[in-house]
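Protein chains in written order, with the UniProt record's numbering: chain A, 1 to 179; chain B, 1 to 179.
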């Protein structure tokens, strides 16, 4: 879902345009989260640190998606997640304070965010079903079928982390199904 | 989050007020979903049918929450979930067509739905983290600590299904932690 085009110049004054190098952090777990990010170009991963110190990837965002720790963003709280650039990434960042001011000036944007979050929440309902319903192999095949571009773009070790696999197991599945 | 009070009479003309008996279905998996539900009083469960014919509970909604299959609701599609009353439940139901007309008349409601879906999506981000991070025992203790009222209200076999436990395992955990 893209931003309303006729509001572009007004929007620009509220957003901070930024570039992140591959593997650079947009948001760090344990620090205050006061921004959300619109991905203009690139790809980011949402993750948290497991107790053993490794990163568990929970989500990705590609072009035209929003991403943040939305619980922390809503309350200016401490982030439970990190967000890291998977490749070189350009974003529009907006702080909660700027968003508040923007929505006062352009209340029509609530309609855009209503649909955007409804879509995100709907996707999370489906994802929950797949997590309960599918075996690891089925999860991988579902992912291959529904997000082929994604599977090519995201490094295999991140895809494995996202699917809850070891890299070795993912590599075995790839040999079995991608020939 | 409650509905804006000053719009109550207008809202009533768009909503269908309904009562459901315990265990009655509000929405049936496999049928077209054209409504979303605001829980006025009571409790409902969102579930899908596993291949073995048993119900897997994925979510609950209590008073002042909205629930639907939001992917199906957004597109008038076939529901991937059933919604069933856990106890006697009163709802306000609104069809997608009525919501469209209502939002034309009261566009301020987009702000309400924006916040409501942001909150729901934020909760689903946290839930995903807990599903990856916690052991079954930790999941149960987290649930007990954060949703004590809920744990008393929802029948144990549904709570077990929601947490992905067998009823026997949940009963063992209860003996261990609730004394």
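Think of the CB as a built atom: it goes at the ideal place given N, C-alpha and C, for glycine as much as any other residue.
Residue 44 (chain A) counts as buried, since at least 16 other C-beta atoms from the protein chains shown sit within 10 angstroms of its C-beta.
Within the DSSP bridge table, the entry for residue 37 (chain B) names B:67, B:93 as partners.
Beta-bridge partners assigned by DSSP to residue 44 (chain A): A:61, A:85.
The beta carbon of residue 119 (chain A) sits closer than 8 Å to some beta carbon of chain B. By the criterion of a C-beta distance shorter than 7 Å, residue 142 (chain B) is surrounded in its chain by 130, 134, once the five residues flanking it on both sides are discounted.
A straight line joining the alpha-carbon of residue 173 (chain B) with that of residue 176 (chain A) spans about 40 Å. Those residues of the stretch 149-178 of chain B placed with their C-beta closer than 9 Å to a C-beta in chain A are 164, ordered along the chain. Rounded to whole angstroms, the Cβ separation of residue 46 (chain B) and residue 78 (chain B) is 15 Å, and the two are not in contact under 8 Å. Residue 25 (chain A) and residue 108 (chain B) have their alpha carbons spaced roughly 36 Å apart. In the structure shown, residue 50 (chain B) falls within a coil segment according to DSSP collapsed to helix, strand and coil. Look at residue 99 (chain B): its C-beta is not under 8 Å from any C-beta on chain A.
Residue 164 (chain A) is positioned such that its CB atom lies no closer than 8 Å to that of residue 89 (chain A). Per the coordinates, the alpha-carbon of residue 12 (chain A) lies some 53 Å from the alpha-carbon of residue 53 (chain B).
Taking a 10 Å sphere around the C-beta of residue 28 (chain A), we find fewer than 16 other C-beta atoms and assign the residue as exposed. Residues of chain A whose Cβ lies closer than 7 Å to the Cβ of residue 140 (chain B) do not exist; the shortest such Cβ separation is about 16 Å. In this structure, residue 37 (chain B) lies near residue 66 (chain B), with their beta-carbon atoms less than 8 Å apart. From the beta-carbon of residue 124 (chain A), the residues of chain B found nearer than 7 Å are 121, 124. Chain A has a Cβ within less than 8 Å of the Cβ of residue 58 (chain B). As computed with DSSP, residue 20 (chain A) is found in a beta bridge with A:89. For residue 158 (chain B), the CB contacts under 7 Å within the same chain, skipping 5 residues up- and downstream, are 45, 57, 86 in chain order. Around the beta carbon of residue 146 (chain B), fewer than 16 other beta carbons sit within 10 angstroms, so the residue counts as exposed.
Taking 4 residues as the minimum length, the alpha helix (DSSP H) runs contained wholly in the stretch 103-144 of chain A are 109-133, in order along the chain. Under the Cβ distance rule, residue 70 (chain B) counts among the residues neighbouring chain A, one pair being separated by less than 8 Å. Going by DSSP, residue 171 (chain B) is part of the alpha helix (DSSP H) stretching over 167-177. Comparing C-alpha distances from residue 94 (chain B) to each of B:162, B:22, B:39, B:111 shows the shortest one belongs to B:39. Within chain B, the residues 58 have their CB atoms less than 7 Å from the CB of residue 128 (chain A), given in chain order. At a cut-off of 8 Å, the C-beta of residue 111 (chain B) has a neighbouring C-beta in chain A. Taking the beta carbon of residue 74 (chain B) as reference, the chain A residues within 9 Å of it are 115, 118, 119, 122, listed in sequence order. In the three-state scheme derived from DSSP, where H, G and I count as helix and E and B as strand, residue 55 (chain B) is classed as strand.
Under DSSP, the beta-bridge partners assigned to residue 27 (chain A) are A:83.
Under a criterion of Cβ atoms nearer than 8 Å, no residue of chain A is adjacent to residue 20 (chain B); the nearest Cβ is some 21 Å distant. Taking the beta carbon of residue 31 (chain A) as reference, no residue of chain B falls within 8 Å; the closest one sits roughly 17 Å away. Scanning chain B for C-beta atoms nearer than 9 Å to the C-beta of residue 80 (chain A) yields 125, 126, 129, reported in chain order. Linking residue 167 (chain A) to residue 15 (chain B) through their CA atoms gives a straight-line distance of about 50 Å. Using a Cβ distance threshold of 8 Å, residue 97 (chain B) and residue 73 (chain B) do not count as a contacting pair.
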